[in-house]
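Numbering (this note's numbering), first residue to last: 356 to 729. What follows is one structure encoded as structure tokens, with my remarks underneath.
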Amino acid sequence: MSSVLPDSLMPHAVCWAAAPHLIWTMVVTNAITFLSYLSICITLLYMVRRTGRAIARDWYFFVTGFALFIVACGSTHLLEVITTWTPIFWVDAWTNIVTAILSAVVAVSLIRRATVISFSINDYAARLASTESENRRMEQSLLAARKLEDWSRMSTVVAHEISNPLEAIQNLLYLIRTSGDVPPEISAMATTAADEATRVIAITRSTLSFFRQSDAPESIDLLTAAQSVRFLLAPILQQKSLAIDIQTHGDLTVEALPGETRQVLLNLIRNACEATTRPGSQIAVSLTGRDSDVEITITDQGTGIPAGMLPTLFQFGRSTKGEHGNGMGLWTVQHILNRHGGTIDVRSTLGAGTTFTLRWPRKCLIPETQLAAD
Numbered sequence: 356m357s358s359v360l361p362d363s364l365m366p367h368a369v370c371w372a373a374a375p376h377l378i379w380t381m382v383v384t385n386a387i388t389f390l391s392y393l394s395i396c397i398t399l400l401y402m403v404r405r406t407g408r409a410i411a412r413d414w415y416f417f418v419t420g421f422a423l424f425i426v427a428c429g430s431t432h433l434l435e436v437i438t439t440w441t442p443i444f445w446v447d448a449w450t451n452i453v454t455a456i457l458s459a460v461v462a463v464s465l466i467r468r469a470t471v472i473s474f475s476i477n478d479y480a481a482r483l484a485s486t487e488s489e490n491r492r493m494e495q496s497l498l499a500a501r502k503l504e505d506w507s508r509m510s511t512v513v514a515h516e517i518s519n520p521l522e523a524i525q526n527l528l529y530l531i532r533t534s535g536d537v538p539p540e541i542s543a544m545a546t547t548a549a550d551e552a553t554r555v556i557a558i559t560r561s562t563l564s565f566f567r568q569s570d571a572p573e574s575i576d577l578l579t580a581a582q583s584v585r586f587l588l589a590p591i592l593q594q595k596s597l598a599i600d601i602q603t604h605g606d607l608t609v610e611a612l613p614g615e616t617r618q619v620l621l622n623l624i625r626n627a628c629e630a631t632t633r634p635g636s637q638i639a640v641s642l643t644g645r646d647s648d649v650e651i652t653i654t655d656q657g658t659g660i661p662a663g664m665l666p667t668l669f670q671f672g673r674s675t676k677g678e679h680g681n682g683m684g685l686w687t688v689q690h691i692l693n694r695h696g697g698t699i700d701v702r703s704t705l706g707a708g709t710t711f712t713l714r715w716p717r718k719c720l721i722p723e724t725q726l727a728a729d
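In structure tokens, the structure reads:
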């Protein structure tokens, strides 16, 4: 036997009693195992190549080493197939040595990274749950936005449709008031009714101008916009016994989309009214014209905003009103100001009130391509 098999080595086929079924079972299973390990290694190396820019360099080398460890393990099974008939056991031994070294390196690296891997998995799970929750909140906010848009359109249509009947009523009241045979008390009541009709017409016209949006920037007087907002908020002011004090300094004209200037002021001043609960309080609105912009400050005497909410106050879906808010108002305000090239800051003291400071540029910085897309 030694003259045929050098170094007293014999192939596995001899060790397996030359049983064909046993030999082919071992060959087929080892071959499948090798091919599986090889495919795993190729897949890992492909993933490393595709994600090399996204993952840290340290993890890049770790995954590459793990892929080599996998293919080394597979090579030992390939040698099991070869040594079934060819006794190259020293090659098999060196393959096992390389596999053992790679196994030790990967095992040590995995142990060192166990804490980081565990944290990353938990962090990913938490982010995934947070993302799902954020998606639900965003869907609710978008639904609320669509409802608000529908309400705005409907209110515009209603305001337009009631203007003509109101003017007809005014004319009839004028005829009643100026008729010579009308008793004085009837004439007085007609005069009062006409005054109320005039007031309603003023409200409808203000509503129409508020929601009417231009396609191009216009020269806007921010004082007029603030007064329009104060007029629209009159029912809330009367109900809560609040007052809006508007102070002006300098030139207050800016180049902007008129609907968006009113939307910004309405959001902030209405929030100030809702945050103020003490009757007799005052919302201070200061407009100061400067060389390149107009500075607007809106200060309330409300409950204030918790310090923990301030860093994320302008994020989409973030609301200081809890379940009563949709988290879109301040996000929209910042979005509009960013579009125009302006800024907004906030200072708040819990229990004392909040001040928003806006800086609206004189010139509109919205690109024409963006205006066309809008």
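We put the beta carbon where it would ideally sit given N, CA and C, even for glycine.
Could you check which residue in the options has the C-alpha nearest to that of residue i?
i	options	result
T388	R467, G420 and H432	H432
T688	W715, V471 and L465	This sequence places Val at residue 688; Thr is not what is there. Cα-wise, what sits closest to V688 is W715.
V730	I476, W414, V426 and V537	For the chain, the structure presents residues 356 to 729; residue 730 sits outside this window and is missing.
R702	H690, D646, I691 and A662	A662
F711	L668, A480 and R717	L668
F421	M402, Y479 and T439	M402
I456	T470, F424 and W445	F424
C428	Y415, A386 and I443	A386
T652	D646, G644, V460 and A639	A639
K595	L393, E610, E629 and V609	E629
M493	D700, W686 and I699	W686
Q525	G614, V537 and T546	T546
L393	S534, E540 and S430	S430
Specify, as a first and last residue, the run of the beta strand (DSSP E) that residue i falls within.
i	result
D447	No beta strand (DSSP E) holds D447; the alpha helix (DSSP H) holding it covers F444 to R467.
D648	D648 to T654
List the residues that DSSP assigns as beta-bridge partners of residue i.
i	result
Q593	In the DSSP output, where bridge partners are listed per residue, Q593 has none listed.
Q618	Looking at the DSSP assignment, Q618 forms no beta bridge with any residue, so it has no partner.
H432	In the DSSP output, where bridge partners are listed per residue, H432 has none listed.
D606	The partner list for D606 (beta bridge, DSSP) is empty, contrary to what the question assumes.
I638	I599
E573	A611
F711	I653 and V701
T643	H604 and E650
P539	Per DSSP, none; premise fails for P539.
P716	D648
Since residue i is in the alpha helix (DSSP H), which residue starts that stretch and which ends it?
i	result
V584	L577 to L587
I395	P375 to R405
W686	G684 to H695
Closer than 7 angstroms by C-beta to residue i: which residues in its own chain qualify, once you throw out the five before and the five after it? Chain order, please.
i	result
R467	none
G708	T654, D655, Q656, G657 and G659
A727	In this prediction, A727 has a pLDDT of 48, which is less than 50 and means its spatial position is unreliable; nothing more can be read from the coordinates.
R717	V609, E610, S647 and D648
E615	I691
Among residues of its own chain, excluding the 5 on either side of residue i, which ones have a beta-carbon nearer than 6 angstroms to its beta-carbon?
i	result
N622	G684 and V688
V359	In this prediction, V359 has a pLDDT of 48, which is less than 50 and means its spatial position is unreliable; nothing more can be read from the coordinates.
D585	Note that residue 585 is Arg in the sequence shown, not Asp. Hits under 6 angstroms: I599.
M356	Per-residue confidence for M356 stands at a pLDDT of 39, beneath the threshold of 50, marking its modelled position as unreliable; the derived number appears in the next sentence. Cβ neighbours of M356 beyond the five flanking positions: none.
T380	none
E650	T643 and R714
Return no unless some Cβ of chain B is closer than 8 angstroms to the Cβ of residue i.
i	result
T546	Note that chain B does not occur in the displayed structure, where there is just one protein chain.
Can the beta-carbon of residue i be found less than 8 angstroms from the beta-carbon of residue j?
i	j	result
L587	L607	no
D655	T631	yes
R617	S583	yes
G659	G706	yes
S485	F417	no
L692	L713	yes
L528	A548	yes
P572	L597	no
T450	P366	no
T643	G605	yes
H690	C719	no
R532	S542	yes
S641	Q670	no
L400	T419	yes
V382	V436	yes
L620	A589	no
Leaving out five residues on either side along the sequence, give the residues of the same chain with a beta carbon under 8 angstroms from the beta carbon of residue i.
i	result
L521	A552, V555, I556 and T559
T704	G659
T724	In this prediction, T724 has a pLDDT of 47, which is less than 50 and means its spatial position is unreliable; nothing more can be read from the coordinates.
L592	R585, A598, I599 and C628
A523	none
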